[in-house]
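Asks:
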Amino acid sequence: MKVAVVTGSAKGLGRAIALALADDGYTLAVHYKKSKEEALKVLDLISKKSPQSIVVCGDLRKEDEVNKIFAEVLKKY
1145 MKVAVVTGSA KGLGRAIALA LADDGYTLAV HYKKSKEEAL KVLDLISKKS PQSIVVCGDL
1205 RKEDEVNKIF AEVLKKY
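Number 1221 marks the last residue of the sequence shown (the working numbering); no jumps.
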């Protein structure tokens, strides 16, 4: 299984990257900081191609939140 964590993937360039990676067969951790609704929309868009993908939330400026995100990803996959 190919897994990618795409930061800021609820909007803009991150969203485009997440959608492209799902098309290429990746399982994704769709990251957001404040845009939960948008992140869930991205997850919905990729769920048929990437059914094991998840949404993760955290402020990347805070080391403990980054550690939490990656702990969740490592636990899941």
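We put the beta carbon where it would ideally sit given N, CA and C, even for glycine.
Confirm, please, whether the CB-CB distance from Ser1197 to Leu1187 is below 9 Å.
Replies: By 1-based counting over the sequence shown, the position of residue 1187 is 43. By 1-based counting over the sequence shown, the position of residue 1197 is 53. Against a cut-off of 9 Å, the Cβ pair of Ser1197 and Leu1187 comes out as a contact.
Asks: Nearest CA to the CA of Ser1194: which residue from Ala1162, Leu1218, Gly1156?
Replies: For the purposes of this step, residue 1194 is taken as the residue at position 50 of the sequence shown. Answer by Cα proximity: Ala1162.
Asks: Measuring only from the beta carbon, is Leu1218 closer than 8 Å to any heavy atom that is part of the ligand SAH?
Replies: With respect to small molecules bound, the structure shown includes none, and the ligand SAH cannot be examined in it.
Asks: So Gly1156 and Val1150 are in contact, right, with Cβ under 8 Å, and what is the actual spacing, rounded?
Replies: By one-based count along the sequence shown, residue 1156 stands at place 12. By one-based count along the sequence shown, residue 1150 stands at place 6. Actually they are not in contact, since the Cβ atoms of Gly1156 and Val1150 sit about 11 Å apart, beyond 8 Å.
Asks: Please classify Ala1166: is it buried, with 16 or more other beta-carbons within 10 angstroms of its beta-carbon, or exposed?
Replies: As a working mapping, residue 1166 is identified with position 22 in the sequence shown. Ala1166 is buried by the Cβ-count criterion.
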